[in-house]
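**Student:** Residue numbers (this note's numbering): 11 to 380.
Using N, Cα and C, we set each Cβ at its ideal position, and we do this for glycine too.
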Amino acid sequence: MALLASAPLLLAALAGAVALLLPGAAEARISGNIIAPESPEEWEDGDQGRWLHFTGVGDLSLSGGGIVDGRGHQWWAGACEDENCTSYRQHEVAPMALHFEDCQDVSVKGLTLQNSQRQHLVFTRCYNVEANYLRVTSPEYSPGTAGVLVVSSTNVHIKDDLFSVGGDCVSIVGNCSDVRLRAISCGPGLGISIGGLGENQSNHKIEKIKTDTMFISNTKNGVRVKTYEDGCGFARKVKFAQIMMRNVANPIVIDQHYSAANRGTQCGTPNGSAVAVENINYIDITGTSATERAVTFACSDAMPCRRLYLDGVNLTTAGGGSTSAFCHQAFGKHVGDVLPESCLGKEDFVQLQAAPTTGDAQDGEDAADW
Numbered sequence: 011m012a013l014l015a016s017a018p019l020l021l022a023a024l025a026g027a028v029a030l031l032l033p034g035a036a037e038a039r040i041s042g043n044i045i046a047p048e049s050p051e052e053w054e055d056g057d058q059g060r061w062l063h064f065t066g067v068g069d070l071s072l073s074g075g076g077i078v079d080g081r082g083h084q085w086w087a088g089a090c091e092d093e094n095c096t097s098y099r100q101h102e103v104a105p106m107a108l109h110f111e112d113c114q115d116v117s118v119k120g121l122t123l124q125n126s127q128r129q130h131l132v133f134t135r136c137y138n139v140e141a142n143y144l145r146v147t148s149p150e151y152s153p154g155t156a157g158v159l160v161v162s163s164t165n166v167h168i169k170d171d172l173f174s175v176g177g178d179c180v181s182i183v184g185n186c187s188d189v190r191l192r193a194i195s196c197g198p199g200l201g202i203s204i205g206g207l208g209e210n211q212s213n214h215k216i217e218k219i220k221t222d223t224m225f226i227s228n229t230k231n232g233v234r235v236k237t238y239e240d241g242c243g244f245a246r247k248v249k250f251a252q253i254m255m256r257n258v259a260n261p262i263v264i265d266q267h268y269s270a271a272n273r274g275t276q277c278g279t280p281n282g283s284a285v286a287v288e289n290i291n292y293i294d295i296t297g298t299s300a301t302e303r304a305v306t307f308a309c310s311d312a313m314p315c316r317r318l319y320l321d322g323v324n325l326t327t328a329g330g331g332s333t334s335a336f337c338h339q340a341f342g343k344h345v346g347d348v349l350p351e352s353c354l355g356k357e358d359f360v361q362l363q364a365a366p367t368t369g370d371a372q373d374g375e376d377a378a379d380w
């Protein structure tokens, strides 16, 4: 069902597949409950992968305090081939609950999104987006139910939100820049994720990502950057700051070996290909790790991680014991005492011919410069 309207538009208690195309500025309000068909068999072929879909919209405000319920339990019970649950059964894709595609100047505020079949809220190729005061929930066992997925979008602000999901609380992928996360509660779930980048030898560029004032608890990961082997592009100018962690299994992670099976055409680096990871700042990250290893920097031989920066990192085990860090081809510096003890190599030892810089960053540059 498609609804065409100019401002203002009121939505309430709609069921089934809905596509919203709103020309010009509009205000949409969800003041009741929107409930999805419960059985996967009720979805027609044309509706697979989407449910509430806004495309090509500008100047839209979506609010109202209502509830969007994907009733995804039967979808979760199907076979998921990966942690993002991109396949429910053969030739079927679980729907995303609320999807904005090719939109600009969008505000989503004050809604409850729950039990999505797959991702709860998705922004694809969007510009100037705000997602504030949201409550996003699904059971911890629900696969691929990310809270917010940001894909190839710019100038995105996500703040004052609560996420308790089965997938990433927030995932940033594709080509994104100027993304800000602030005042977020995350857990349970998979944590805050940048990537995976470079899948199927794609060229992904992520930069100018800032997160601060977050509470992450009982998650599989805390803050993670993950890239596929033999991908292209970079993740750079990322700042993780003022984060309290509680009982997080892997609080700080960089994984440049996200899929060892993902090999193919190289991207032109001298000794192989990888997505470059550099100028990543970890500032005032404290709390407890559910495992002894609290920091993992598993970087690429072809493209080592550069300009990693640690300041005010203090992570103990839940019982107050010491934690450890693992580094492979990870270079940077730390300020003062950090726990676990830093294992970063000095930048002087980076073989520059194997790890060319990806841009205009200079040695010693930190997040304050951008």
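Would you mind giving the Cβ-Cβ distance between M106 and Q129, rounded to the nearest angstrom? I have them listed as a contact below 8 Å.
**Tutor:** About 5 Å; that satisfies the 8 Å criterion.
**Student:** Just to confirm, is the Cβ distance from A38 to G74 under 9 Å?
**Tutor:** A contact, by the Cβ cut-off of 9 Å.
**Student:** According to the neighbour-count rule (16 or more other Cβ atoms, all chains shown, within 10 Å of its Cβ), is S49 buried or exposed?
**Tutor:** Result: exposed.
**Student:** Inspect the beta-carbon positions of N142 and I168 and report whether they are closer than 9 Å.
**Tutor:** Yes.
**Student:** From what residue to what residue does the alpha helix (DSSP H) around H83 run?
**Tutor:** Counting along the chain, the alpha helix (DSSP H) containing H83 begins and ends at H83 to W86.
**Student:** Can you tell me whether G211 is helix, strand or coil according to DSSP?
**Tutor:** Per the sequence presented here, residue 211 reads as Gln, with Gly not at that position. Q211 falls in the helix class under three-state DSSP.
**Student:** Which of the three DSSP states, helix, strand or coil, is assigned to E37?
**Tutor:** Three-state result, E37: strand.
**Student:** Hey, V4 and F173: beta-carbon distance below 9 Å or not?
**Tutor:** As displayed, the chain neither begins before 11 nor continues past 380, which places residue 4 out of reach and without an answer.
**Student:** Helix, strand or coil for E357, going by three-state DSSP, please let me know.
**Tutor:** E357: helix per DSSP, three-state reduction.
**Student:** From T122 to G355, what does the alpha carbon distance come to, in whole angstroms?
**Tutor:** Their Cα atoms are separated by approximately 45 Å.
**Student:** Which first and last residues belong to the beta strand (DSSP E) in which D69 is found?
**Tutor:** From DSSP, the beta strand (DSSP E) with D69 extends over G68 to S73.
**Student:** What first and last residue would you give for the beta strand (DSSP E) that runs through Y137?
**Tutor:** Y137 to N142 is the span of the beta strand (DSSP E), which, as asked, contains Y137.
**Student:** To the nearest angstrom, how far is it from the Cα of V116 to the Cα of R316?
**Tutor:** Approximately 35 Å between the Cα atoms of the pair.
**Student:** Using the C-alpha atoms, what's the distance from Q124 back to Y319?
**Tutor:** Cα to Cα, the separation comes out at about 36 Å.
**Student:** According to DSSP, which residues form a beta bridge with A335?
**Tutor:** Partner(s): V305.
**Student:** Any chance the CB of T296 is under 8 Å from a heavy atom of the ligand COA?
**Tutor:** The model on display carries no ligand, and the ligand COA is accordingly not part of it.
**Student:** Relative to the C-alpha of R81, which residue among E52, G66 and L70 is closest?
**Tutor:** That would be E52, whose Cα lies nearest to the Cα of R81.
**Student:** Among the residues of its own chain, which have a CB less than 6 Å from the CB of T301, if the five just before and after it don't count?
**Tutor:** A259.
**Student:** Can you tell me the Cα-Cα spacing of F64 and I44, whole angstroms?
**Tutor:** Computed Cα separation, rounded: 15 Å.
**Student:** Pull up the distance between the alpha-carbon of G232 and that of P261, whole angstroms please.
**Tutor:** G232 and P261: Cα-Cα distance of roughly 4 Å.
**Student:** Nearest-angstrom Cα distance between D311 and F341?
**Tutor:** The straight-line gap from Cα to Cα measures roughly 12 Å.
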